[in-house]
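Undergrad: So for the sequence shown, this note's numbering puts the first residue at 1371; every next one is plus one. Glycine included, C-beta positions come from ideal geometry on N, C-alpha and C.
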Amino acid sequence: MAANLILTRKANRIGFITLNRPEAMNTFTPEFADQLDQALWSMENDDEVRVIVINAAGKHFCTGISLDQFNNQTHQEYRKFLYGIDAFYHTLADLNKPTIASVQGFALANGAGLSFACDMTVAAETATFGTTAINVGLICLGPAAPMVKIIGKKKTMEMVLTGDMISAAEAKNLGLVNKVVADEDLEAETLKLAEKLVAKSPIALRIGKEGLKRLQDVPYHQGLDSMD
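#1: Can you give me the start and stop residues for the alpha helix (DSSP H) that Thr1491 sits inside?
#2: Determine which residues share a DSSP beta bridge with Met1535 and list them.
#3: Between which two residues does the beta strand (DSSP E) carrying Val1518 extend?
#4: Which residues share a DSSP beta bridge with Asn1425?
#5: On the DSSP letters alone, give me the boundaries of the beta strand (DSSP E) that Val1346 sits inside.
#6: Measuring only the C-alpha atoms, how far is Val1423 from Val1568?
#7: To the nearest whole angstrom, what separates the beta carbons of Lys1467 and Glu1418, a pair I think is in contact under 8 Å?
#8: Of the residues Met1527, Ala1494 and Thr1491, which one's Cα is nearest the Cα of Thr1502?
#9: What is the DSSP secondary structure of Leu1478, counted as helix, strand or coil?
#10: Once DSSP output is grouped into helix, strand and coil, what is the label at Phe1398?
#11: With distances taken from CA atoms, which of Gly1507, Asn1425, Ala1541 and Asn1390 is nearest Val1473?
#12: Can you look up Val1314 in the DSSP assignment and give me helix, strand or coil?
#13: Please list, in chain order, all residues of the same chain as Asp1534 whose beta carbon is under 7 Å from its beta carbon, the five residues on each side excluded.
See the structure below:
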């Protein structure tokens, strides 16, 4: 397996996961996806970590799948590849610890999906988001899973089927981003949010996140009953 595609470190109860393929705009390969999934579970199972921050080396957060991966693949190999790439969506949905995406530059296709699947997202004001796979003959169904829950069917349909990109400000207006900050303040503002969460009770954070997930996935009255 290729080394150091994903970097991890811990500081003050915050676990940092850094996408580390800047020379390729942090695009996904099978090894990259596998290391990301392993890093997420490692942070989830580490008692010293209360909050997980996902950031990226280089100018861009992540621009989706490396198209080089499709060369000379059979249909079966292609499906297996996509299933492995999309594993992080399931993992992020299963984690009990809060996750924060810290986004600069382009967050496209699965890069956009990664940021949307995190519990919160802080974006640099020049960041750009888009479900752009359709522009190269593919489709962003992975990113659509968190999107449709956040912004609804019609806007998700528009973004996925047109491949249009949106600014950080528009992403915030849609509810896909929590906070837009000056580019030079991205790291500091992300850290500030993470520290605010770290200061809360870890038990309350876990119960709150689990409860909110249940409320999102069931009818209103059933959701209220599940809180009893």
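TA: Result, derived from the coordinates:
#1: Translated into the one-based positions of the sequence shown, residue 1491 becomes position 121. Run containing Thr1491: none in the alpha helix (DSSP H); it sits in the beta strand (DSSP E), Met1490 to Ala1494.
#2: For the purposes of this step, residue 1535 is identified with residue 165 of the sequence shown, where counting begins at 1. According to DSSP, which records beta bridges pairwise, Met1535 is partnered with Gly1500.
#3: Numbered from its first residue, the sequence shown carries residue 1518 at position 148. Not the beta strand (DSSP E): Val1518 falls in the alpha helix (DSSP H), residues Leu1511 to Ile1521.
#4: Here residue 1425 refers to the residue found at position 55 when the sequence shown is read from its first residue. Per DSSP, Thr1388.
#5: The requested residue 1346 is not part of the displayed model; the chain covers only 1371 to 1598.
#6: Taking the sequence shown and counting its residues from 1, the one referred to as residue 1423 is at position 53. Taking the sequence shown and counting its residues from 1, the one referred to as residue 1568 is at position 198. Spanning the two alpha carbons is a distance of roughly 12 Å.
#7: Locating residue 1467 in the sequence shown gives position 97, where the first residue counts as 1. Locating residue 1418 in the sequence shown gives position 48, where the first residue counts as 1. Contact doesn't hold; Cβ gap of about 11 Å is too wide.
#8: Position 132 of the sequence shown, counted from the start, is the residue given in the question as residue 1502. Of the listed residues, the one whose Cα sits closest to Thr1502 is Met1527.
#9: Walking along the sequence shown from the start, residue 1478 turns up at place 108. Three-state DSSP puts Leu1478 in a strand.
#10: Mapped onto the sequence shown, residue 1398 falls at position 28. The answer is strand: DSSP assigns Phe1398 an E or B state.
#11: Position 103 of the sequence shown holds residue 1473. It is Asn1425 whose Cα lies nearest to the Cα of Val1473.
#12: Residue numbering for the chain in the displayed model covers 1371 to 1598; residue 1314 lies beyond these limits and cannot be assessed.
#13: Taking the sequence shown and counting its residues from 1, the one referred to as residue 1534 is at position 164. Excluding sequence neighbours, Asp1534 sits near Gly1500.
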